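Novice:
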Amino acid sequence: MSFYTSIAPYYDLVFPFDEETFSFLESVIDVRGDRCPEVRKGCEPVSRHSYLDIGCGTGSMLSAFSDRFKHVVGIDLDSGLLEIAAKKLLPGESGKVELLEESMEHLAHLFPEEEFSFITCLGNTLPHLTTSEAFVRFFTEVSDILESDGVFVFQTLNYDRILAEKTRSLPLLDRDTVTFERYYTLPGDDGLIGFETRLIDRKKDITIENTIPLRPLTQKMFMDTLQGAGFTRVSLYSDFEGNEWKPDAFLTVGVAMLR
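So my numbering is basically just the index in the sequence shown, starting at one, shifted up by 4.
(1) Rounding to the nearest angstrom, what Cα-Cα distance links residue 24 and residue 159 in this structure?
(2) Once you ignore the five residues that flank residue 230 on each side, which residues in its own chain have a CB closer than 7 angstroms to its CB?
(3) Given this structure, state the Cα-to-Cα distance separating residue 106 from residue 124, to the nearest angstrom.
(4) Return the first residue and the last residue of the alpha helix (DSSP H) that residue 108 is part of.
(5) Once you ignore the five residues that flank residue 172 on each side, which residues in its own chain have a CB closer than 7 angstroms to its CB?
(6) Thinking just about the alpha-carbon of each residue, which of 232, 253 and 226 is nearest to the one in residue 169?
(7) Report buried or exposed for residue 219, applying the criterion of at least 16 other Cβ atoms within 10 angstroms of its Cβ.
(8) Given a threshold of 16 other Cβ atoms within 10 Å of its Cβ, counted over all protein chains shown, does residue 236 qualify as buried or as exposed?
(9) In the DSSP assignment, the beta strand (DSSP E) including residue 253 goes from what residue to what residue?
(10) Kindly list the residues whose CB is nearer than 6 angstroms to the CB of residue 246, restricted to its own chain and excluding five residues on each side of it in sequence; keep chain order.
(11) Would you kindly work out how many angstroms separate the C-alpha atoms of residue 31 and residue 209, rounded to a whole number?
(12) Could you check the C-alpha separation between residue 65 and residue 85 for me, to the nearest Å?
(13) Once DSSP output is grouped into helix, strand and coil, what is the label at residue 43?
(14) Using 9 angstroms as the threshold, is the C-beta distance between residue 43 and residue 57 below it?
(15) Short of 6 angstroms in beta carbon distance, which residues of its chain neighbour residue 233, apart from the five on each side in sequence? Order them along the chain.
(16) Since I believe residue 121 is in contact with residue 51 (beta carbons under 8 angstroms), could you give me their beta-carbon distance rounded to a whole number of angstroms?
(17) From residue 156 to residue 243, what distance separates their C-alpha atoms?
(18) Assign residue 215 to one of two classes, buried (16 or more other C-beta atoms within 10 Å of its C-beta) or exposed (fewer than that).
Next up, the structure:
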């Protein structure tokens, strides 16, 4: 059983829908409000043509934005998460919403002729690209399937801070009778870190432990790779309030465009 399948029944409890993230994405799409990131000011609103969420998980953002786009696509490698996502679709949405059990490393194959006006990759999904080649190829393929006036938004933990401070654990997530512990190993010779988790359901007396490798992605890696992929307007932020990125921030949030 994969890491995410094993915690799928708890996923929305541990990582509930985040209104701040939703509001930030709204401001990016509509170019309005106090939270509109500086890189988007003066631009036209995003076309309502199509939305792709890479690493869509249980589909919370897909569901939130499904009424704003003519075509909505979510891809995730975990079938357990996608089963939950499918249950969130409103009646009548099955024709406009696609859920694909696929890898984010196969964008060119999945969408050889389709372009999207809005693409997101949230929830610390990108560090699962564990080779430099896969990381560079991903951004190139996102650039290829993004409309000329489209926008790409991504989010990870801030690994500049994690590496500088040699962070070994993240804050405990305590949700009613369920806790989720998260730990990091130090980077190995291959540059990867081990992400170790322990989910404890005290009511059912269940403990689920997992370890997966991640690539710690830094601010320089993002900027160099985005520019190399053809993104001409890129800004990084410390949070979903649109505050300027800083090395000691908890998150790295990026907004990128091709023009």
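For every residue, glycine included, the Cβ atom is placed at its ideal position computed from N, Cα and C. Every value quoted in this text rests on a predicted model; they were computed, and no experiment measured them.
Specialist: In short:
(1) Indexing the sequence shown from 1 puts residue 24 at position 20. Indexing the sequence shown from 1 puts residue 159 at position 155. Their backbone Cα atoms lie some 13 angstroms apart in a straight line.
(2) By 1-based counting over the sequence shown, the position of residue 230 is 226. Cβ neighbours of residue 230 beyond the five flanking positions: 143, 238 and 260.
(3) For the purposes of this step, residue 106 is taken as residue 102 along the sequence shown, with counting starting at 1. For the purposes of this step, residue 124 is taken as residue 120 along the sequence shown, with counting starting at 1. Distance between the alpha carbons of residue 106 and residue 124 is about 16 angstroms.
(4) Here the question's residue 108 lines up with position 104 in the sequence shown. Segment: none, residue 108 is in no alpha helix (DSSP H) and carries neither H nor E.
(5) Reading the sequence shown from its first residue, position 168 is the one you call residue 172. Result list for residue 172: 187 and 188, in chain order.
(6) Walking along the sequence shown from the start, residue 169 turns up at place 165. When each option's Cα is compared against that of residue 169, the closest is 253.
(7) What you label residue 219 is simply residue 215 of the sequence shown in a count that begins at 1. Residue burial is scored here from C-beta neighbours: residue 219 has at least 16 other C-beta atoms within 10 angstroms and is therefore classed as buried.
(8) Against the sequence shown, residue 236 aligns to sequence position 232. Classification of residue 236: exposed, given that the 10 Å Cβ count is below 16.
(9) Your numbering for residue 253 matches position 249 in the sequence shown. Element bounds for residue 253: n/a, residue is neither H nor E.
(10) Along the sequence shown, read from residue 1 onward, the residue named residue 246 stands at position 242. A distance below 6 angstroms between beta-carbons, with the five flanking residues on each side excluded, links residue 246 to the following residues of its chain, in chain order: 39 and 41.
(11) If you number the sequence shown from 1, residue 31 lands on position 27. If you number the sequence shown from 1, residue 209 lands on position 205. Rounded to the nearest angstrom, the two C-alpha atoms are 42 angstroms apart.
(12) Walking along the sequence shown from the start, residue 65 turns up at place 61. Walking along the sequence shown from the start, residue 85 turns up at place 81. Straight-line Cα distance between these residues: approximately 13 angstroms.
(13) Numbered from its first residue, the sequence shown carries residue 43 at position 39. Secondary structure at residue 43: helix, using DSSP grouped into helix, strand and coil.
(14) Numbered from its first residue, the sequence shown carries residue 43 at position 39. Numbered from its first residue, the sequence shown carries residue 57 at position 53. Not closer than 9 angstroms, so no.
(15) Taking the first residue of the sequence shown as 1, we reach residue 233 at position 229. Closer than 6 angstroms at Cβ, skipping near neighbours: 143, 144 and 147.
(16) As a working note, residue 51 is residue 47 in the sequence shown. As a working note, residue 121 is residue 117 in the sequence shown. The pair is a contact, with the Cβ atoms about 4 angstroms apart (cut-off 8 angstroms).
(17) In the sequence shown, residue 156 corresponds to position 152, counting from 1. In the sequence shown, residue 243 corresponds to position 239, counting from 1. Straight-line Cα distance between these residues: approximately 16 angstroms.
(18) Along the sequence shown, one-based indexing puts residue 215 at 211. Classification for residue 215: exposed.
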